[in-house]
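Peer 1:
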């Protein structure tokens, strides 16, 4: 699998690609369904959010397999010694084949190469396949918090972390 980094100026195209994948993946996970996720999508994967996060040092990229987009990932270094997996989404046709694991292992290896000793991420508590992958790679839940927006039903988020040194 190839990683193609999003360069400055490519935020709009990246967001256009990521939006339907993000919406599809989150529709069944977020209380309030499609109307709520459409409302929050721009905050999570919109071009301005991508641009701002890139300015803060986060890396966004396409995952490409045999010339086809297989998903996307973003990660960054929000604090010394910590690499954060910000987003990891795999296209439906590529799921269940180990791509997510390979990408996450690559992010962790990148973090180790930068001297990071810890990895962290936030995941929807209803995303059992992702949580299972993270736990198999040594992540543990550090915090459970509620996410609520504009009166929509509450969604629970897990903050998970793993030692990677």
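Residue numbers (our numbering): 2 to 166.
Don't be surprised by glycine CBs; every beta carbon is placed ideally from N, CA and C.
From residue 113 to residue 165, what does the alpha carbon distance come to, in whole angstroms?
Peer 2: Roughly 7 Å separates the two Cα atoms.
Peer 1: I need the boundaries of the beta strand (DSSP E) containing residue 124, first residue and last residue.
Peer 2: Residue 124 -> beta strand (DSSP E) spans 119-125.
Peer 1: To the nearest angstrom, how far is it from the Cα of residue 69 to the Cα of residue 19?
Peer 2: Rounded to whole angstroms, residue 69 to residue 19 spans 14 Å at the Cα level.
Peer 1: Give the secondary structure of residue 67 by DSSP, where H, G and I count as helix, E and B as strand, and everything else as coil.
Peer 2: Note: residue 67 maps to coil in three-state DSSP.
Peer 1: With residue 54 as the anchor, note down where its beta strand (DSSP E) starts and where it stops.
Peer 2: Not the beta strand (DSSP E): residue 54 falls in the alpha helix (DSSP H), residues 48-56.
Peer 1: Check the DSSP bridge columns for residue 61 and list the partner residues they point to.
Peer 2: For residue 61, which the question treats as bridged, DSSP gives the partners 75.
Peer 1: Is any beta-carbon of chain C found at less than 9 Å from that of residue 97?
Peer 2: The chain inventory of the structure shown lacks chain C, comprising one protein chain alone.
Peer 1: Suppose the cutoff is 7 Å on Cβ atoms and the five residues either side in sequence are ignored; what does the same chain contact list for residue 30 look like?
Peer 2: So the list reads 125, 127 and 128, once near-sequence residues are dropped.
Peer 1: Give the C-beta separation of residue 115 and residue 78 to the nearest angstrom, bearing in mind that I take them to be a contact with Cβ-Cβ under 8 Å.
Peer 2: Their Cβ separation, rounded to whole angstroms, is 7 Å, which keeps residue 115 and residue 78 in contact under 8 Å.
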